[in-house]
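Shown next, in structure tokens, is the structure this report addresses.
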Amino acid sequence: MADFTIVLGDYNTSSWSLRGWLALKQTGASFETVMVSFRDPDVKTHILVHSPSGLVPLLKHHTPDGDVLVWETLAIIEFLNEMYPDAGLWPIEPTARTQARVVSAEMHGGFAPLRNHMPMYLKGTKPGEGMGEGVAGNIARICEIWEDCRARFGQDGDFLFGTFTGADIMFAPVVTRFQTYGVDLSPVCRAYVDAVRARPDMQEWAAGA
Ligand SMILES: N[C@@H](CCC(=O)N[C@@H](CS)C(=O)NCC(=O)O)C(=O)O
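In the working numbering, the protein residues as written are 26 to 234.
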């Protein structure tokens, strides 16, 4: 039996599922996947079989004493970071690690206009769509975060903190949205989007869509 099971929504639209899956992939742990279909009218019932919150992703860690259930994506990243401290889910340097957690929390709790008007949609492109009220401000703030992280912490690689961390995982669905909706980006942000999209794990997920 694998060490973990992860319960996910569909590859095309489930942005939170992408985040949970990326975090688990980064650990290198063995896992099985259970997919729920958002097209199923009984999807809530199916999710609740696994996840007390009624939301995905849901991570199950199989232990001899029973399954440990972890929901909420940031909690999944923290849980996996504790189990796999060498997986690089957070930067090692304390200031960088704090900043990574701060921007991840800002992503987790914010940017509602972007989420509402530019839902993740990997199967196609919709250039020019999605610029509803508040979206331009969200895009500007996200680019400010990316440029700040790249300038202050990104010297050792192509990602926000150099290597790929939980902060990149939290912003990965935004990367796909910027691509889907053809958002104009500064050279720094464009290079970051291209680096995230080129990752084999991102391409594997996109192929699933
Ligand atoms: N705060 C949650 C959000 C999870 C979430 O909203 N998941 C969506 C899929 S992307 C979901 O399960 N939707 C099903 C529903 O609302 O019935 C987290 O961090 O994991």
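Cβ coordinates follow ideal geometry from the N, Cα and C atoms, glycine included. Because the structure is a prediction, the values reported are computed rather than measured.
List the residues that DSSP assigns as beta-bridge partners of Trp96.
Leu83
Where Gly45 sits in the DSSP three-state scheme:
helix
Just tell me which of Ile31, Asp183, Gly134 has its CA closest to the CA of Leu94.
Ile31
Can you determine whether any heavy atom of ligand 2 sits closer than 6 angstroms to the C-beta of Thr88, and answer yes or no?
Although ligand 2 was asked about, the structure shown includes only ligand 1 as ligands.
Mark Arg177 as exposed unless 16 or more other C-beta atoms lie within 10 angstroms of its C-beta, in which case mark it buried.
exposed
Nearest-angstrom beta carbon gap, Thr201 and Leu147 [assumed within contact, 8 angstroms]:
6 angstroms
Contact the stretch 69–88 vs the stretch 137–145: 3+ CB pairs below 8 angstroms
no
Secondary structure of Glu57, DSSP reduced to three states
strand
Have a look at the DSSP bridge pairing and note the partners of Phe178.
BP columns for Phe178 are empty, so no partner.
If you reduce the DSSP assignment to three classes, tell me which class Ile117 lands in.
coil
Measuring CA to CA, which of Gly159, Phe29, Gln204, Tyr109 is closest to Thr150?
Gln204
So, helix, strand or coil for Val218, using DSSP?
helix
Does Arg64 pass the burial test, meaning 16 or more other C-beta atoms within 10 Å, or should it be called exposed?
exposed
Taking 6 angstroms as the cut-off, is the CB of Ser39 close to at least one heavy atom of ligand 1?
yes
Output needed for Phe104: all residues of its chain with C-beta closer than 6 angstroms, excluding positions within five of it in sequence on either side, in chain order.
Val95
How would you call Gly155, buried or exposed, if buried means at least 16 neighbouring beta carbons within 10 angstroms?
buried
Cα-Cα, which of Ile102, Val213, Ser55 is closest to Ile194?
Ile102
Going by DSSP in three states, Phe104 sits in which element: helix, strand or coil?
helix
Buried or exposed: which applies to Ile117, given that a residue is buried once 16 or more other Cβ atoms fall within 10 Å of its Cβ?
exposed
Got a sec, what are the start and stop residues for the alpha helix (DSSP H) Phe196 sits in?
191–205
Nonlocal neighbours in the same chain, by C-beta distance under 6 angstroms from Asn163, ignoring five residues either side
Phe136, Pro138, Leu139
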